[in-house]
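Input: a single structure, listed below in structure tokens.
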Amino acid sequence: MKVSVIGTGYVGLISGVGYASQGHDVICVDVIEEKVAKINAGEPPIHEAGLPERLRQVLTTGKFRATTDITDAVENSDICFISVGTPSAADGSIDLKYIEQASKDLGIALKNKNSYFTIVVKSTVSPGTTEGTVIKNVEEESGKKAGQDFGVCMNPEFLREGKAIEDFDNPDRIVIGSFDEKSSESLKDLNKAFSCPVLETPLSTAEMIKYVSNAFLAVKISYANEVAEFCKKIGADPYEVFKGVGMDKRINPAFFNSGLGWGGSCFPKDTREFADAAKREGANPRIVDAAIETNKILPSKIVELAGDVSGKTVAVLGLAFKAGTDDVRESQAVEVIKLLNEKGAKIQAYDPEAAEVEGVDRAETMEKALEGAEICLVLTEWPEFANIPFSGKIIDGRNIVENRENYEGLFW
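Just so we're aligned, residue 310 is where the sequence shown starts under the numbering used here, counting upward by one.
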């Protein structure tokens, strides 16, 4: 099939390259010319295992290209994914400015297209957005009618940063929320290479499935941290506890990870929007609110373990919100650094892949970050941090360190 993708972030680029590797003709669209040029040169603008090789492969076969011209992309495709960001606004609610712009641009580009066209919302949006914003904008700008001239689906993504290629290739399930049957059939045809279950739902149900999935996983991690804090006080090993609990067939062991908590581009904003949306509708999301609060206090707990850091040099290993990615958005490590700065610490930070963090001095290597440091905080679970050449105090926020002399774990 001929596919276009609006947005070249983690979801858009991984999806576009993934479909191209299956033999589909894919055009990715982005408004940033420099980003498009890098992609067309085989240089992904994000760090993701396996992506550079796969991108270069599909560029070589001619199945993939990137452009800034959305009209070109629409004219040369039959189905288009909207995969733009949906960040949090200042008040914590979802900011739909990129969805608004993408759907309007798509409507304008669609105006002169004669054949039936399928629009698929891949971005995480609150229930009602696909119909109330995307369909509305496309209809107004194109003069066409949804379900008649073009179709609309909501197809949430379930990719984990750091394992996104693996997750694209091996999905647990495919959720298709559809406005009309023809667009649903088109999306199912595009995904026929996958053997996983396909769940077809109304648009708002598909939107809700994504939020509930992320909120549940965030709650699970926060629950694990509450249990782990209790375990440390009584001398129990939380990881052995979770191993035993996870053996119960009713309980999946995944995401029972005690430590510094969750961050990144999804869990923080999605849990906030889930809670805010629930309250707007008169519901009371007490459990999700509690999970958010539990996660918020974790950076202060690891700083407390460091003790008096005023005037001391502190090595910080890890800036990305988790290993396998360069993403520092809402990283707990960044929050820890803010607290250390407030307490007068001199920080030497190192991360092998993380994007730049404003105001943070970066060492070129782990060894340079450790030079002259009195305390070392391990905040991201990169494998190279398992054995740290350091004789001072090590405080481990991710249960990754193996050399445990002069060591303290956050909750173990």
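We treat Cβ as the ideally placed atom computed from N, Cα and C, and that holds for glycine.
Residue i versus residue j: straight-line alpha-carbon distance, rounded
i	j	result
W691	G627	7 Å
A682	G437	52 Å
N650	I656	8 Å
E384	K344	22 Å
K677	G668	18 Å
N479	G653	47 Å
D579	R671	30 Å
G456	C389	15 Å
K631	T370	33 Å
L360	I323	7 Å
R469	L526	12 Å
G568	D546	13 Å
A537	W721	7 Å
N423	G452	12 Å
E516	M463	7 Å
L599	F565	Note that residue 599 corresponds to Ala in the displayed sequence, not to Leu. Their Cα atoms are separated by approximately 17 Å.
I684	T622	7 Å
G570	G471	17 Å
A411	V340	10 Å
E665	N421	42 Å
Residues that DSSP places opposite residue i in a beta bridge
i	result
I601	Looking at the DSSP assignment, I601 forms no beta bridge with any residue, so it has no partner.
D489	Note: D489 sits in no beta bridge, so no partner.
S313	I336 and C389
L686	V625 and I704
V461	I428
I606	DSSP, once it has assigned bridges, lists no residue as partnering I606.
E342	In the DSSP output, where bridge partners are listed per residue, E342 has none listed.
Residue j beta carbon less than 9 Å from that of residue i
i	j	result
E409	T439	no
V461	S432	no
V338	V367	no
S522	P465	yes
A418	A473	no
A277	T689	Nothing about residue 277 can be reported from this structure: the residues present for the chain run from 310 to 721 only.
E717	I697	no
V645	L686	yes
A706	I601	For clarity, residue 706 is Gly in the given sequence; the question names Ala instead. Not in contact: G706 and I601 (Cβ atoms no closer than 9 Å).
D414	I444	no
L496	S487	yes
T317	A358	no
I530	L508	no
G401	E449	no
DSSP three-state assignment for residue i, whether helix, strand or coil
i	result
L719	coil
F390	strand
N568	Before going further, note that residue 568 is Gly rather than Asn in the sequence given. In the structure shown, G568 sits in coil (DSSP, three-state: anything other than H, G, I, E or B).
K529	helix
T395	coil
Y659	strand
T380	helix
A473	helix
R638	coil
C540	helix
T674	coil
V550	helix
V645	helix
T433	coil
Nearest to residue i (by Cα), restricted to the options the options
i	options	result
G633	D660, L649, Q641 and E639	D660
T427	D387, G416 and S392	D387
C394	D636, G321, S567 and I646	Here residue 394 turns out to be Gly, not Cys, going by the sequence shown. Among D636, G321, S567 and I646, the Cα nearest to that of G394 is on G321.
V618	L415, L648 and D481	L648
S330	R365, T317 and V429	R365
E680	S700, Y532 and F576	S700
V335	V312, I348 and I355	V312
L607	E352, V434 and L719	L719
A629	G572, F576 and T674	G572
K501	G332, K519, A358 and I709	G332
Any non-hydrogen atom of the ligand MG closer than 8 Å to residue i Cβ
i	result
R638	The ligand MG is absent from the structure shown, which contains no ligand whatsoever.
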